[in-house]
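A.B. asks: Just so you know, this note's numbering puts 49 at position 47 of the sequence shown, and the rest follows in order with no gaps. Heads up, the beta-carbon is just placed ideally off N, CA and C, and yes, glycines get one too.
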Amino acid sequence: MAGRHTEARFEFYFRKNMTPQHIADMFDDFAEDYEQEYMNVGLRTHVVVGDFMAKTIPKESRPKVKILDVAAGTGLLGNELKNRGFTHIDALDPAEKMLNVARRRNIYQQLICAFMKKNRNDTIETDCYDSIVASAAVNEGLIPCDAFQEMIRIVKPGGRIIFTVPTKYINNSDNLRDRLLPLIYQLAQEGVWEVTSVALADGDLSSLNGPGTLFSLKVLVSEKTF
Ligand SMILES: C[S@@+](CC[C@H](N)C(=O)[O-])C[C@H]1O[C@@H](n2cnc3c(N)ncnc32)[C@H](O)[C@@H]1O
């Protein structure tokens, strides 16, 4: 049904009472216009994550790196990665019509229509990926904090989980407030991962979001339940 939850596309406050399925339906409703609408607000998170991957992984290693693009949407990040020489990329997203746009790009080897959440997805093996990347995906109503349990399981020990998050959502989102940073630093203390963080300036993520942080979490274990 067209036009559902249109106010929640950019006003994340309106996502507070939406279920995960409502959120996925909202993205499906504007899948064909997503890129134009997000370009209009200067979205460039995918470029930031693509640049970080290229800066940290030498050219000759890139074809060997197995990547899962979580909350891949229409494939903007996959496209950035492909342009930088990464060739083994899978996509995961719960919005089928977003994934249909991604599929047309012919970037991804496997497209998985699913939510990233705490529960185990039996279609994905343990210790499967070298890197998990997520752009514009850790904020209100999208990937929840407890989904890091599943991402830890599917990334190989020594692999990385890389994502960006706007500071205002670290502080204000029901999803993340008082949860994201304590979780990141608690699991670092427990030896589950090593944390690298890169400060992002106002405008780096989009014209809407203000400053933010890119996190690169080097996972040191095969699984961790919390
Ligand atoms: C703002 S878009 C970002 C898409 C893409 N990564 C980009 O940079 O353009 C957010 C995406 O997150 C997806 N999403 C929402 N909840 C999710 C979840 N729990 N797990 C994975 N993806 C989710 C939506 O379907 C949507 O495609």
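Determine which residues share a DSSP beta bridge with residue 220 and list them.
C.D. replies: As a first step, residue 220 must be located in the sequence shown, where it is residue number 218. According to DSSP, which records beta bridges pairwise, residue 220 is partnered with 162 and 196.
A.B. asks: Hey, quick one: how far does the beta strand (DSSP E) through residue 91 stretch, first residue to last?
C.D. replies: Here residue 91 corresponds to residue number 89 of the sequence shown, with the count starting at 1. Element bounds for residue 91: 90 to 95.
A.B. asks: Out of 215, 199, 152 and 165, which has the shortest C-alpha to C-alpha gap to residue 223?
C.D. replies: Here residue 223 corresponds to residue number 221 of the sequence shown, with the count starting at 1. The shortest Cα separation from residue 223 among 215, 199, 152 and 165 belongs to 152.
A.B. asks: Straight-line CA distance for residue 198 to residue 154?
C.D. replies: Residue numbering aside, residue 198 sits at position 196 when the sequence shown is read from its first letter. Residue numbering aside, residue 154 sits at position 152 when the sequence shown is read from its first letter. Distance between the alpha carbons of residue 198 and residue 154: 16 angstroms.
A.B. asks: In terms of residues, what are the limits of the alpha helix (DSSP H) holding residue 131?
C.D. replies: If you number the sequence shown from 1, residue 131 lands on position 129. From DSSP, residue 131 is part of no alpha helix (DSSP H) but of the beta strand (DSSP E) over 131 to 136.
A.B. asks: State yes or no: is the beta carbon of residue 181 nearer than 9 angstroms to at least one beta carbon in chain B?
C.D. replies: Protein chains in the displayed structure number just one, and chain B is not present.
A.B. asks: Quick one: using the 10 Å Cβ neighbour count with 16 as the cut-off for buried, is residue 75 buried or exposed?
C.D. replies: Position 73 of the sequence shown holds residue 75. With 16 or more other Cβ atoms within 10 Å, it is buried.
A.B. asks: Put residue 230 into one of helix, strand or coil per three-state DSSP.
C.D. replies: Lying outside 3 to 228, the shown extent of the chain, residue 230 is not represented and no answer is given.
A.B. asks: With burial defined as no fewer than 16 other Cβ atoms inside 10 Å of the residue's Cβ, what is the status of residue 209: buried or exposed?
C.D. replies: On the sequence shown, position 207 is the one that residue 209 refers to. Answer is exposed; the Cβ neighbour count stays below 16.
A.B. asks: Consider the C-beta atom of residue 145 and the heavy atoms of ligand 1; say whether any pair is separated by less than 8 angstroms.
C.D. replies: The residue given as residue 145 occupies position 143 in the sequence shown. Yes, Cβ of residue 145 sits closer than 8 angstroms to a heavy atom of ligand 1.
A.B. asks: Find out if the Cβ-Cβ distance for the pair residue 97, residue 138 is shorter than 9 angstroms.
C.D. replies: For this step, residue 97 is matched to residue 95 along the sequence shown. For this step, residue 138 is matched to residue 136 along the sequence shown. Against a cut-off of 9 angstroms, the Cβ pair of residue 138 and residue 97 comes out as no contact.
A.B. asks: Identify which residue in 83, 174, 107 and 58 has its Cα closest to the Cα of residue 69.
C.D. replies: Taking the first residue of the sequence shown as 1, we reach residue 69 at position 67. Ranking 83, 174, 107 and 58 by Cα distance to residue 69 puts 83 first.
A.B. asks: Where DSSP assigns a beta bridge to residue 109, which residues make up the other side?
C.D. replies: Locating residue 109 in the sequence shown gives position 107, where the first residue counts as 1. Answer by DSSP bridge pairing: none, since residue 109 is not bridged.
A.B. asks: So is residue 52 buried or exposed if we call it buried at 16+ other beta carbons inside 10 Å?
C.D. replies: Locating residue 52 in the sequence shown gives position 50, counting from the first residue. It counts as buried.
A.B. asks: Which partner residues does residue 201 have in the DSSP bridge list?
C.D. replies: Sequence index remark: in the sequence shown, residue 201 carries index 199 (1-based). Residue 201 is bridged to 215.
A.B. asks: Quick check: what's the CA-CA separation for residue 203 versus residue 226?
C.D. replies: Position 201 of the sequence shown holds residue 203. Position 224 of the sequence shown holds residue 226. Approximately 32 angstroms, taken between the alpha carbons.
A.B. asks: Under 7 angstroms Cβ to Cβ from residue 174, same chain only, skipping five residues before and after it: list those, please.
C.D. replies: The residue you call residue 174 lines up with position 172 of the sequence shown. Cβ within range, chain order: n/a, list empty.
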